[in-house]
Structures are given as structure tokens and as C-alpha cells.
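The numbering used here puts the sequence shown at residues 165 to 602. Backbone N, C-alpha and C define an ideal beta-carbon position, used for all residues, glycine too.
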Amino acid sequence: MMVHLANILVASGNSGDARMLTEQLRGHGYESRVADSAEAALSLAQRSRPDIVLIGPDFPDGGWFKLAASLKEHASLQDLPVFVLTTDSLGEASRLALDVGVDDVMALPFHADELLARMRPLVRMGTMRTELLHRAAAATAFGVAIETTFGSSTDQGCNLLTVGNDLASLPSLFGPKATFTHTDNIYEAEDLLTRRNFDAAVVRLDAQPEECMGLCAQVRNNPRLFNLPILVIDDGGLDAVEAYRKGASRVLGAAVDADVLYGATLALVRRQQRRWAVRDLLQQTLRDATSDLDTGVYSRDFLRAYLDRRLAEARTEHRHLSLVMFRAPNVEGVRQQFGDEAAAHLLLQLGQWITGLLRAEDLTARYRDNEFCVVLPDTPSEEAEVVMHRIAGVLTYTDFAVRDVYQPVKVWVQVGSTMVAPDDDVDTAIGRARHSLD
Numbered sequence: 165m166m167v168h169l170a171n172i173l174v175a176s177g178n179s180g181d182a183r184m185l186t187e188q189l190r191g192h193g194y195e196s197r198v199a200d201s202a203e204a205a206l207s208l209a210q211r212s213r214p215d216i217v218l219i220g221p222d223f224p225d226g227g228w229f230k231l232a233a234s235l236k237e238h239a240s241l242q243d244l245p246v247f248v249l250t251t252d253s254l255g256e257a258s259r260l261a262l263d264v265g266v267d268d269v270m271a272l273p274f275h276a277d278e279l280l281a282r283m284r285p286l287v288r289m290g291t292m293r294t295e296l297l298h299r300a301a302a303a304t305a306f307g308v309a310i311e312t313t314f315g316s317s318t319d320q321g322c323n324l325l326t327v328g329n330d331l332a333s334l335p336s337l338f339g340p341k342a343t344f345t346h347t348d349n350i351y352e353a354e355d356l357l358t359r360r361n362f363d364a365a366v367v368r369l370d371a372q373p374e375e376c377m378g379l380c381a382q383v384r385n386n387p388r389l390f391n392l393p394i395l396v397i398d399d400g401g402l403d404a405v406e407a408y409r410k411g412a413s414r415v416l417g418a419a420v421d422a423d424v425l426y427g428a429t430l431a432l433v434r435r436q437q438r439r440w441a442v443r444d445l446l447q448q449t450l451r452d453a454t455s456d457l458d459t460g461v462y463s464r465d466f467l468r469a470y471l472d473r474r475l476a477e478a479r480t481e482h483r484h485l486s487l488v489m490f491r492a493p494n495v496e497g498v499r500q501q502f503g504d505e506a507a508a509h510l511l512l513q514l515g516q517w518i519t520g521l522l523r524a525e526d527l528t529a530r531y532r533d534n535e536f537c538v539v540l541p542d543t544p545s546e547e548a549e550v551v552m553h554r555i556a557g558v559l560t561y562t563d564f565a566v567r568d569v570y571q572p573v574k575v576w577v578q579v580g581s582t583m584v585a586p587d588d589d590v591d592t593a594i595g596r597a598r599h600s601l602d
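Next comes the structure, spelled out in C-alpha cells:
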């Protein structure tokens with residue numbers, strides 16, 4: 165069976181709409197299952213654990229609102245991303261969506277490219293959610309137990325960056341629990357983003373589509389800012405589909421309804437806060453019992469236990485799973501010239517740098533003395549190679565400051581990668597990745 169990017173549950177009472185959606189999704193690598201009633205959707209969601217529930221227009225059994233509410237009220241499904249397609253007024257639908265905790269809502273008619281672009285971050289949330297379950301399950305064998313549920317806190321406040329013109333009304337929509345930082349200057353915005361943490365950015369640059377898309381692209385190319393949601397208000401001249409390709413999270417027109425603007429912004433804030441909540445829970449699995457104490461990344465034993473679970477899922481669910489190996493041979497030269505402590509400090513930094521250049525759901529483990537193994541869930545081989553070479557390039561061009569070594573230290577990095585095959589076990593998968601080290 166063909167490997168796919170994610171599993172989507174399409175809830176639709178219209179067989180024609182369901183067929184159209186599943187065909188579009190399949191054409192872009194998504195596997196879909198269809199439920200034509202609320203009862204069927206809830207049952208299928210519990211049994212198949214989809215990455216997203218996509219509710220089509222004119223859903224029966226009380227409409228999309230009732231199904232979404234039932235999903236969010238269910239203990240095992242409350243963190244499941246829900247995307248709604250609706251023929252209702254977008255302002256009204258946005259208000260209802262916020263009340264029930266829907267992750268995104270799109271009015272018909274829609275552009276297929278926009279639907280796919282807005283689904284991707286929700287698929288990513290599904291990947292993080294699945295990764296949390298796998299990592300937590302593997303950690304139990306090492307005596308580490310963590311919580312695996314996370315909510316969508318709506319009253320904890322948020323930090324928002326606004327960039328550009330005519331955004332003065334936004335603070336009044338949010339009230340006192342939101343903190344706003346504003347700038348009219350795109351270069352100051354870039355500086356603020358590198359120095360401070362924000363839950364989302366709202367950008368409105370009159371007649372400056374190139375600058376707007378440039379900011380989106382820059383954020384997506386920055387490992388630290390990669391996840392930042394960006395809402396763009398288009399005053400004309402912006403190609404919305406191209407803006408999504410460059411990294412915009414949501415594009416709205418200049419005459420946007422206040423309810424739509426508020427709903428879209430708050431939905432992005434909630435998504436970012438959930439992402440941080442999952443990241444923090446993932447970090448809780450990295451304890452003394454599961455980590456390599458010399459480098460601060462996961463241990464080889466934990467890697468093997470974790471991969472046992474991941475390989476089983478990759479086989480049964482037909483999901484992408486890539487492994488990347490990094491080897492730094494000249495660490496031994498540092499050891500011989502400057503001693504064990506210097507080599508240990510360099511290895512510690514290598515582990516920190518590799519981890520810092522990855523997504524929260526990617527796992528870094530020390531495999532051998534000077535080797536690190538990275539696991540990339542739901543990542544095709546071509547994307548894994550991009551990640552591999554990007555990290556290798558950063559490591560190669562970095563001057564490492566090593567304790568008691570009074571000169572910059574350079575590392576030579578060998579890299580190799582593989583995508584897990586259906587008949588792989590832990591040894592064959594890692595062995596193939598190591599064999600490809602160059």
C-alpha cells in the first residue's frame with residue numbers, strides 16, 4: 165500500500181462532497197475515511213485516531229457544531245484537530261467555532277490549494293500528538309510517566325505582534341488578557357521576532373505584497389520562529405495562494421468582519437499555545453533514565469525502545485518515518501589534543517545544536533561515541549535530506565567555543581539518511597542509515 169502523509173476523517177452527509185474531498189486529499193498524499201453521521205464519525209475517530217477531522221458543509225445530526233462539540237467533549241478526542249467547511253456566514257461560524265474549540269473554519273466556495281495550506285499545520289499538530297503518545301509509552305519502560313493530554317487554554321492570555329497599518333481595532337477585540345506590540349516597520353518586526361516570544365503575528369502592509377511574503381518566508385526559514393502563526397490582511401495585490409506557499413497561516417481580505425478577524429487570530433493563538441504545551445510534555449520524557457547524561461539527548465537504549473513502537477506504526481499505518489545519522493569523526497582529534505573534558509563539552513554542544521535545529525516532534529539520540537541518530541516522523545526521504553544537509557551545513561560553519569580550548573573549534577560532519585521500509589526492524593533501519601554515512 166502507498167505510504168501517505170496523514171489520516172483524515174471526512175465527516176459529510178453528502179456523498180458527492182465526500183467523494184470530491186477524498187479525491188483531492190488522496191491526490192496530495194492524504195488517506196481519508198468517510199463518516200456520514202455523527203455516530204459514525206465519533207466511532208471512527210475513536211477507532212482510527214485520525215490526524216484531523218474535516219467536517220463538510222450541511223452535516224446532518226445537528227450540523228457541524230454539534231459534532232465538533234461532541235468530539236471536543238470526549239476525553240480521548242478533545243485534542244484532535246477539527247477543521248470545518250461551512251456554507252454559513254463566516255462571521256457567525258467563527259463565533260461558534262471559538263465557543264466549541266474548532267481549530268479552523270473555511271467558508272465555501274474554497275480554493276483547494278488554500279484548504280491544503282491551512283490543513284498542513286493541523287496535520288503537524290496531529291504528528292506532535294501521535295509523537296507524544298509514542299514517546300510517553302516508550303518512557304514508561306524506563307520508569308518515566310507523564311501526562312499525555314493537553315487542553316486549549318483560552319484564558320491564559322497571549323502576546324501578539326502587529327505589523328503595519330490600520331490594526332488599532334485588534335486590541336479592543338481581545339481585551340486586557342492580550343498584550344500587543346506594534347510596529348509599522350518590517351525590519352523592526354524582524355528584530356522583535358528574534359528577541360521576543362509571540363503567540364502570533366498579524367501583518368497588514370498596504371501595497372507591499374513582496375515585503376509581506378518576504379517576512380513570511382524569513383520566519384519559515386528560521387528554526388526558532390518556524391512555528392509562529394502569521395495572519396496576513398490583504399489590502400489588494402497579494403496572491404493569497406502564493407502567500408500560503410511562502411508561509412502565511414491565514415490570509416484575510418481588507419474588509420474583514422471583526423468576528424472573523426478575532427476568530428482567526430485567536431484560533432492561531434490557541435494552536436501555538438497547544439504546540440508549546442505538547443513541546444513541554446515531550447520534554448518531560450527526557451529524564452536521567454531516558455537520556456545520555458553526557459550529551460543531554462536521548463540514550464541509545466531509549467532510541468531502540470522508541471523505534472520499536474515507531475516502526476510498528478509505520479508498517480501498520482503506512483506512514484513516512486525517516487532516520488538521519490550525524491557523525492563527527494574529528495571529536496577524537498579534540499580529545500587527543502585537548503583531553504576528555506574538551507571532547508565531552510564539544511559533544512554536548514553538538515547534541516544541543518542538532519536538537520535546536522529540529523522540530524519538537526523530532527527525536528535526537530546519541531547512538532555511539534561520536535554519532536547521533538535523529539528520527540523524523542511523517543517525513544519523506546527528500547524532506548529528510550533537506551533537514552540533514554541544513555543541519556550539517558550549520559554545524560560545519562559554526563565555530564564552537566570549547567571549555568579550556570583557547571581557539572575556535574571546527575567540526576567535520578558525516579551524514580547519512582534512510583526512510584524506513586515495511587520489513588525493517590531497528591537494526592536494519594539504523595544499519596542502513598549508518599551505511600549511508602559519507
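Around the beta-carbon of ASN534, 16 or more other beta-carbon atoms lie within 10 Å, marking it buried. Inter-segment contact for the region 560–569 and the region 474–487 is absent: fewer than three beta-carbon pairs are separated by less than 8 angstroms. DSSP places ARG360 outside both helix and strand once states are collapsed to three, so it counts as coil.
Beta-bridge partners assigned by DSSP to MET283: none are found. Within the model, the alpha-carbon separation for LEU601 versus GLU547 is close to 17 angstroms. Annotation for LEU324: LEU334, PHE338, ALA342, THR343, PHE344, THR345, PHE362, ASP363, ALA364, ALA365, VAL366, THR429 and VAL433 place their beta carbon closer than 8 angstroms to its own, counting only its chain and skipping 5 residues before and after. A direct Cα-to-Cα measurement between LEU286 and ARG359 gives close to 27 angstroms.
Between the region 255–266 and the region 228–237, the count of C-beta pairs closer than 8 angstroms reaches three or more; the two stretches touch. A contact between stretches requires three or more CB pairs, one per stretch, nearer than 8 angstroms, and the region 459–468 fails this requirement with the region 569–579.
In the three-state reduction of the DSSP assignment, ILE172 falls in the strand class, which pools E and B. In the structure shown, HIS298 falls within a helical segment according to DSSP collapsed to helix, strand and coil. The beta carbon of LEU512 is closer than 8 angstroms to those of ASP458, THR459 and GLY460 in its chain, skipping five residues each way along the sequence. Shortest Cα-Cα distance from THR291 to any of ILE555, LEU169, ARG491 and SER581 involves LEU169. The C-beta of PRO541 has 16 or more other C-beta atoms within 10 Å across all chains shown, which makes the residue buried. Burial state of PHE274 is exposed, judged by a 10 Å Cβ sphere holding fewer than 16 other Cβ atoms. Under DSSP, the beta-bridge partners assigned to GLY328 are ARG368.
With respect to the 9 angstroms criterion, ALA593 and VAL584 are classified as neighbours on the basis of their beta carbons.
Collapsing the DSSP output to three states places GLN571 in coil. For VAL461, the secondary structure class from DSSP, reduced to helix, strand or coil, is coil. Excluding its 5 nearest sequence neighbours in each direction, GLY321 has C-beta neighbours in its own chain below 6 angstroms: LYS341, listed in chain order. Relative to ARG530, the option among ARG554, GLN516, ALA492 and TYR462 whose CA is nearest is TYR462. Ranked by Cα distance from GLY400, the options SER413, ASN391 and GLU374 are led by GLU374. Residue pairing by DSSP places GLY580 opposite MET489 in a beta bridge. In this structure ASP398 does not touch LEU379 by the C-beta definition: roughly 14 angstroms separates them, more than the 8 angstroms allowed. Under the criterion of beta carbons closer than 8 angstroms, LEU527 and VAL539 qualify as touching, at roughly 4 angstroms. Taking C-beta separations shorter than 8 angstroms and ignoring five residues to either side along the sequence, the partners of ALA239 in its chain run THR313, following chain order. The region 379–388 makes contact with the region 404–414: 3 or more CB pairs, one atom from each, lie closer than 8 angstroms. When the alpha-carbon of SER207 is set against those of SER234, ALA419 and ALA281, the nearest one is in SER234.
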